[in-house]
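Line by line, the protein sequences give chains A and B.
Oh and the first sequence: position 137 is 137 in full-length UniProt numbering, straight run, nothing missing.
Oh and the second sequence: position 23 is 23 in full-length UniProt numbering, straight run, nothing missing.
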Amino acid sequence: MSADTPVDAVELTSTSGASAFSPDNPAPVIEPPRARTKRTPRATRTNFELYGWLFMRLSGIVLVVLVLGHLLIQLVLDGGVSKIGFAFVAGRWANPFWQLWDLTMLWLAMLHGANGLRTVINDYAERDATRSWLKALLYTATAFTVLLGTLVIFTFDPNIQ
Amino acid sequence: MSTATVDNNHSAALDAAESTDAHLITVTLRVRRYNPEVSDQASWVDYKLEMDPKERVLDALHKIKWEIDGTLTFRRSCAHGICGSDAMRINGRNRLACKTLLKDINPEKPITVEPIKGLAVLKDLVVDMEPFFQAYRDVMPFLITKGNEPTRERLQSSEDRERFDDTTKCILCAACTSSCPVFWNDGQYFGPAAIVNAHRFIFDSRDEAAEQRLEILNDRDGVWRCRTTFNCTDACPRGIEVTKAIQEVKRALITRRF
Ligand code: HEM
Ligand code: SF4
Ligand code: FES
Chain A
1 MSADTPVDAV
11 ELTSTSGASA
21 FSPDNPAPVI
31 EPPRARTKRT
41 PRATRTNFEL
51 YGWLFMRLSG
61 IVLVVLVLGH
71 LLIQLVLDGG
81 VSKIGFAFVA
91 GRWANPFWQL
101 WDLTMLWLAM
111 LHGANGLRTV
121 INDYAERDAT
131 RSWLKALLYT
141 ATAFTVLLGT
151 LVIFTFDPNI
161 Q
Chain B
1 MSTATVDNNH
11 SAALDAAEST
21 DAHLITVTLR
31 VRRYNPEVSD
41 QASWVDYKLE
51 MDPKERVLDA
61 LHKIKWEIDG
71 TLTFRRSCAH
81 GICGSDAMRI
91 NGRNRLACKT
101 LLKDINPEKP
111 ITVEPIKGLA
121 VLKDLVVDME
131 PFFQAYRDVM
141 PFLITKGNEP
151 TRERLQSSED
161 RERFDDTTKC
171 ILCAACTSSC
181 PVFWNDGQYF
191 GPAAIVNAHR
201 FIFDSRDEAA
211 EQRLEILNDR
221 DGVWRCRTTF
231 NCTDACPRGI
241 EVTKAIQEVK
251 RALITRRF
């Protein structure tokens, strides 16, 4: 390599003004969001994450049938959305098969979606407090929707005024 | 040059060609620099270099450090892809600077060089590897056995050795772990490298602590956080099938529990 190669270094961004930093007073290092320490992660010794992972895949397989079937019946066959009305729903829920279909779909989709969002919250919430609040909100909304949906499927009254 | 053999003529011609620098090209290395003793900001700095395209990014960094700016800080030791010191983000991908030829990464455009992500930057391209090695230590990457020490070596069939051959190749460069978006998120995930090194012992027929290691990786920040992104497999300079190793640990956990 020849020593007289023309080289020029171009400073793209200059660093922050009058330097308050020195070898004795260095700037804080650039930290990633949260650092792993000797004490983290806490051991829980349960199979919760294993079951959660399996549930996502198993419920996913069942949801392919339930959700695609649901969309087909509701939106495509027999005139599409225009047919949907009180009478259409009442007619379907008169049959225990469709009651069971909708019940399974409700529970699986809600638990699947909630567990998926739990993962997302775990990943992206940076402060512990934010994380707890988001999860509390998620679990409340999930429980409310699942319970209300279940109640409606079982207590639906086609003759309601 | 006096002995006029064909060989000598050829090498003289080659010498002449090389001394004219005709094979050199101008490359721009755009390096992410950070010096906490000067500023709390990191910044991009461009260096224009005359390089042989067959040289490596590490050679370009050396040229900067030795001939232009001696304050440029990076790790390297072996310079031949064995020690795992010089993993860095080159043109947005984690690679070893010593295994990346300039001609393979389009030297016509500026080549960006940054520290690997998800670990605290100490200076320029040097990051704090401690969290990475903590996760490595946590999976107990050493042989654990019960009973008395044998008086001779522990024998193993070649099939049994083959079972974990791929994961023995790891050089702990952290290219995989620092390419994983789950690790970037909160740094609590054990990360692909720790799982690769757990795999190396879990599937070793001589080792007797597979159950303990599986238990560790079964926890909240273990293998179940893996989302099969395959970034780790793409990043590994040793060509280890990292994602496959993680999946094999998941499968071992599931078949043990059911
Ligand atoms: C139609 C069939 C479906 C299949 C086959 C399926 C499959 C999956 C699988 C395998 C995962 C885990 C991904 C991973 O761990 O990397 C997942 C995640 C997720 N699913 Fe589903 N799912 C389906 C329907 C649904 C529905 C109806 C919802 C909403 C209620 C939903 C919401 C989610 C969410 C929020 C996640 C987490 C995303 C993430 O981890 O980044 N999925 N799905
Ligand atoms: S698995 Fe590959 S990328 Fe990961 S630390 Fe080992 S050698 Fe580096
Ligand atoms: S310097 Fe040793 S792996 Fe690159």
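The C-beta atom is built at its ideal place from N, Cα and C for all residues, glycine as well.
Delimiting residues of the beta strand (DSSP E) encompassing residue i
i	result
residue 107 of chain A	Note, residue 107 of chain A: premise wrong, no beta strand (DSSP E); alpha helix (DSSP H) at 96 to 124.
residue 123 of chain B	121 to 123
residue 65 of chain A	Taken as a continuous stretch (DSSP letters only), residue 65 of chain A belongs to no beta strand (DSSP E), being part of the alpha helix (DSSP H) at 48 to 71.
residue 47 of chain B	43 to 51
residue 87 of chain B	87 to 90
residue 29 of chain B	25 to 33
residue 114 of chain B	111 to 114
residue 58 of chain B	Taken as a continuous stretch (DSSP letters only), residue 58 of chain B belongs to no beta strand (DSSP E), being part of the alpha helix (DSSP H) at 57 to 63.
residue 95 of chain B	93 to 96
Residue i beta carbon near ligand 2 (any heavy atom closer than 7 angstroms)
i	result
residue 237 of chain B	yes
residue 167 of chain A	Nothing about residue 167 of chain A can be read from this structure; chain A reaches only from 1 to 161.
residue 134 of chain A	no
residue 98 of chain B	no
residue 141 of chain B	no
residue 175 of chain B	yes
residue 217 of chain B	no
residue 119 of chain B	no
residue 170 of chain B	yes
Contacts around residue i, its chain only, beta-carbon distance under 6 angstroms, and the 5 residues preceding and following it disregarded
i	result
residue 90 of chain A	158
residue 189 of chain B	182, 183, 221, 225
residue 66 of chain A	105
residue 4 of chain A	In this prediction, residue 4 of chain A has a pLDDT of 41, which is less than 50 and means its spatial position is unreliable; nothing more can be read from the coordinates.
residue 114 of chain B	32, 89
residue 64 of chain B	47, 72
Sequence-distant residues of its chain with Cβ nearer than 8 angstroms to residue i (five each side left out)
i	result
residue 136 of chain B	172, 193, 194, 197
residue 253 of chain B	214, 217, 218, 223
residue 75 of chain B	85, 86, 125, 126
residue 48 of chain A	none
residue 115 of chain A	52, 55, 56
Proximity test, residue i beta-carbon vs ligand 1 heavy atom, cut-off 7 angstroms
i	result
residue 120 of chain A	yes
residue 76 of chain A	no
residue 109 of chain A	yes
residue 228 of chain B	yes
residue 147 of chain A	no
residue 131 of chain A	no
residue 70 of chain A	no
residue 127 of chain B	no
Start-to-end residues for the alpha helix (DSSP H) that takes in residue i
i	result
residue 139 of chain B	Run containing residue 139 of chain B: none; DSSP gives neither H nor E here.
residue 152 of chain A	128 to 155
residue 163 of chain B	158 to 163
residue 92 of chain A	86 to 93
heavy atom of ligand 3 below 7 angstroms from residue i C-beta
i	result
residue 43 of chain B	no
residue 86 of chain B	yes
residue 81 of chain B	yes
residue 76 of chain B	yes
Nonlocal neighbours in the same chain, by C-beta distance under 7 angstroms from residue i, ignoring five residues either side
i	result
residue 52 of chain B	23, 24
residue 129 of chain B	119, 174
residue 237 of chain B	81, 95, 96, 99, 173, 175
residue 199 of chain B	164, 167, 245, 248, 249
Alpha helix (DSSP H) runs contained entirely in the stretch 169 to 246 of chain B, provided each spans 4 or more residues: 181 to 186, 192 to 202, 210 to 217, 231 to 235
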